[in-house]
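Residue numbers (this note's numbering), protein chains in the order written: chain A, 1 to 411; chain B, 1 to 367; chain C, 1 to 526. Don't be surprised by glycine CBs; every beta carbon is placed ideally from N, CA and C.
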């Protein structure tokens, strides 16, 4: 566990630098003096962070853990003490009354900024933001916001997925097996899962155009028993050689290891869980956002300037900000994977190219990348983006991408 | 050396109080040991817990509003359950009845809200919730009366039926499903808080007393009178005490069972209407476990309506207070708070056992 | 030691909470004798014996078997020491055969049920002079068969000391004689027998010595041949008691309640009462005798309107009451009090106060939604005063009262309703002698005031003294109605087992037959 934290810290440091240079990143040093008197800005010692969690803050893995880790890491980076300056109400179900009650508690404790990490908190966050105008509200995975003290944040996980897809595609070529499995919490019901699957599939196809991604839908965000069972089914019945996943536990990777095939994890580097199978994982560096948001909150003067300081009511970081990434490639990866991923990453970070566009990448076995104009088509044959067209909008990816691209098949 | 258990005839009130108090103190001491081992100052923790974080809180009035929001459904559900329990009908289907009541109330809110005057809508919400929940309970009672089925099992299983209906409504994105927010691409329950909700009465300052609180207290008094002084109440105690005797006295036992279970479930439905009517939205966690906690409250109160209010008030302090306390101590999460509540309840139930029985060690056996 | 006792108890004390069930009891049994343990209900007889059979442990005192001090901490210990107990409520598995019920308690049975167990047990039973079908299932057995099985079981385990807890309570006169024969034979074979009872005539008949307990205290032990019933009663009750039940002779009125050709089914759907005819007149007590479960309960319930009648008529003051609701029947003045074995199951709500129990049958009479407890309280106070109910107050839950007081409350309420017919079943069940006599007096007073009483009883001696006529039921059929003062216990016993059927033999009627036996025929002639 410590290893992961240390690694995330290192990554955070590294991308923190990148973030500073990023186009959308707020210039932390510019904001404060501009419109608010310095005295009104909460001094670092008085600054309090509040958070509403869906699971226990003492979790050691999973979604809540990833956010908690991000928040505490960011606080330490900013010189804040999580032991005294962080108040958390955890295990709050997606029930408006209970979320509002939790928020009241946090406001009562004097929190300056309150993060809500679960999608279902959306209405409560909106209402609370309207009531407590002197507190900043920031909602993860949501889509609501206002122009003053309420924003939302999410990330371009599909970009990291695309990179992981390249590693999976490379491995499938090496194995000579075109079947790739994907254990997903949900399928097309949620844009979050659909976009992740699509990003991964496009990454696979950039390397191996003949590959098919078979998706098994869990119907739940966490279900350890079926996470394992579905992976086994994908390996045994569909002959999959690489197993990717969009679920909390490392069960699919462990199943891949047991079956002697390979896999791409999610959320954290799962190489320690499945050392012989794991290639790389699409990961979130939540601390990147939390640091950005806390800096903005400390420097924006009054709460109603928060959204203005952030520059956008919907933070949507990607590889460029270091918000998402792939974990270090394991030794299991095929030759040329590292070079290919580096090359594509550079293309995305520079803003030259994005995943859901009318241009597809063709990656040769040696890792050279070629851009080719081609329409983006869903697996029913409908054209989503015409050849040469720009990437679909963020709102589509977070909201209405309720289809699979060609090459994805529901298993 | 052995021991045996002997029934106590009559435990004086002061002794009972001492036993209960002792149980709470013992639980807190146990909790304190755990807290110290986690590196938390138990006195600071307990102070926060019992003051529910109101001390030094700039929005302390919110604490009371939220506290009452938690108290109303719990007290009302416990009172409702006590009706059935008094008759020895083990209705553990409070959760399911609550959920169906909540869905019906929301249904009325969506369909009538904004169309009819608010007062009428609220009244209809209450009625719909009461009838639906009541019928859900009546169904089990009818099966028991007709076929002698076990109501404990039936009500328990129907809890899950109701829960999955609610989960289905919360996940089925479709044109017909007006329970969901049409704007959200992801399925999420729609709010009707802006259309219709139970009004609060300003009490000076920012504190407003929701009308549901007053109604709940009123219903509590009515149920007390109903059980204590009316013919129906008398029938309930006789049927509960001995169905054979009730039958012998010429009571229509089946009718009494059906009527009482309906009433019990209907009041649970009313609690759900209050909850939904204040929250203005459904959720899969809408019950907040009142169907379960209510059983404990009713039991601890020995089905005494006045005591039910006191016990639910205390349990809400415990519940709300531990959440607040857990928020400020990094080492303590809600699971710990729940565990501490569990320990307190367990020991209080143990104390309850000691009020009814005592343990005597064998002085000299045959050896 | 001059006398070697088979079993000796010294200073045995046992308390249950604040109740002292046994206080320093001394008791001894010689080999080959029958000791009667005499005492009223609640005097601690069963508790004492349960300590011998390992169910309870004494708080203090010692137990000696064959002169050696022993410790009995479990039924196994007791079994090993050769003590066997036949409980009042049989401890048998209904679905098992006779042999299996014995077999399952053996210490080294191994895993397999062997075929030869039937033969072995039959052989053993014959050795002791019993006849039993080892393959017969317990649920098919009559009460006396079950008791025999219990005795065989105890003997099979090699018991030298046999304790029987109220063995005669469930038996007919003839069966009692058979049992006593068995006991005498066992005594001759050197077994020691302790028989718990409160029936004086049985004590006089069977026992060699009598030990008397009263309210947990040991009183004395005497040789049976040197005492008499009156003396025993005084020891048992603690003072002089008049054992005679006065029978009042009243001017009989017309029949108040006539039951004509009534057939009733039990809960299981079997015919419980089969074409029964009889009547009750004002100012008389009609006793109903019969082995337990031969239709008494169903008959009482049917008269009170609690059980549907398959066919037949019940005429109350010239009006058919079949099909009326229990409430209406009650309003007509027919009151029913049934004391079941657990005493509180029917008629009273045990957790409710005396006041609340007083209003049980008339709570709905007053207007409005509220219960009128004022009259209930007044009634309760009246009953407490008139029938001398011992209770802290009228608000005391009935379950806290002693058995006699519970029954007084129940009868008191029935009388308060001013009935003209009282159906009462087992009103003295479980009561001590004093309480029983109090109840008899209450019934006699009602009779004097012209009420017709149907008295379902257990003790034939009592019924012969108290009732005017006795109707005998056997398997739901009436065997005959006889004048109580003219019949004999033997005759009643024969009728109860169905051996004597006066209904179809009234031509050559034996002494004591009452006219009612021909009731059905008279109707037809008329």
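For the stretch 178-192 of chain A, the beta-carbon criterion of a distance under 9 Å to any beta-carbon of chain B is satisfied by 189, 190, 191 and 192. Annotated three-state conformation of residue 379 of chain A is coil, per DSSP. In the structure shown, residue 164 of chain C adopts extended strand secondary structure according to DSSP, grouped into three states. The DSSP assignment places 63-77, 82-85 and 96-108 as complete runs of the alpha helix (DSSP H) inside the stretch 41-125 of chain A, in order along the chain (cut-off: 4 residues).
Beta bridge pairing from DSSP links residue 409 of chain A with A:214. Cα atoms of residue 90 of chain B and residue 339 of chain B: separation of roughly 26 Å, rounded to the nearest angstrom. Within the same chain, Cβ atoms closer than 8 Å to the Cβ of residue 325 of chain C are found at 305, the five residues on either side in sequence being excluded. For residue 107 of chain A, the residues of chain B that pass the 7 Å Cβ criterion are 59, in the order they occur in the chain. The stretch 236-251 of chain A makes contact with the stretch 200-219 of chain A; the number of CB pairs closer than 8 Å reaches 3 or more. Contact between the stretch 243-252 of chain B and the stretch 69-77 of chain B is absent: fewer than 3 CB-CB pairs across the two stretches fall below 8 Å.
Within chain B, the C-beta atoms nearer than 9 Å to that of residue 361 of chain C come from 248, 249 and 250, in chain order.
Residue 286 of chain A carries a helical assignment under DSSP once its states are collapsed to helix, strand and coil. Contact of residue 147 of chain B with chain C is not assigned, every C-beta pair being separated by 8 Å or more.
If you check the CB distance, residue 375 of chain A and residue 386 of chain A come in under 8 Å.
Distances from the alpha-carbon of residue 183 of chain C to those of C:130, C:409, C:356 and C:218 put C:130 closest. For the options C:46, C:48, C:420 and C:490, the alpha carbon positioned closest to that of residue 281 of chain C is the one of C:420. When Cβ-Cβ separations below 8 Å define contact, residue 364 of chain C makes contact with chain B. By the neighbour-count definition (other C-beta atoms within 10 Å, threshold 16), residue 157 of chain B is an exposed residue. For residue 231 of chain B, the chain C residues whose Cβ falls inside 8 Å of its Cβ are 363, 364, 369, 370 and 371, in order along the chain.
The Cβ of residue 330 of chain C sits closer than 8 Å to at least one Cβ of chain B. Assignment of residue 159 of chain C by DSSP, reduced to helix, strand and coil, places it in the coil class. Distance check between residue 32 of chain C and each of C:38, C:24, C:15 and C:66 places C:66 closest, using alpha-carbon atoms only. For the beta strand (DSSP E) assignment, the uninterrupted runs of no fewer than 3 residues enclosed by the stretch 121-155 of chain A are, from N- to C-terminal side, 136-140 and 150-155. Residues of chain B whose Cβ lies closer than 9 Å to the Cβ of residue 86 of chain A are, in chain order, 330.
For residue 278 of chain C, the pairing in a beta bridge is given by DSSP as C:259.
In the displayed model, residue 241 of chain B falls within a helix according to three-state DSSP. Residues of the stretch 288-301 of chain B that bring their beta carbon within less than 8 Å of a beta carbon in chain A comprise 288, in sequence order. Residue 140 of chain B places its beta carbon 8 Å or farther from that of residue 125 of chain B.
For residue 338 of chain A, the CB contacts under 7 Å within the same chain, skipping 5 residues up- and downstream, are 329 in chain order. Secondary structure at residue 325 of chain C: coil, using DSSP grouped into helix, strand and coil. Ranked by Cα distance from residue 311 of chain B, the options B:320, B:301 and B:319 are led by B:301. With respect to residue 471 of chain C, residue 288 of chain C sits close: the two C-beta atoms are nearer than 8 Å. Using a CB distance cut-off of 8 Å, residue 350 of chain C counts as an interface residue toward chain B.
With respect to the C-alpha of residue 280 of chain B, the residue from A:70, A:191, A:88 and A:95 having the closest C-alpha is A:95. Taking the Cα of residue 303 of chain C as reference, the smallest distance to any Cα among C:278, C:461, C:292 and C:106 is reached at C:278. According to the DSSP secondary-structure assignment, residue 63 of chain C is paired through a beta bridge with C:9 and C:70.
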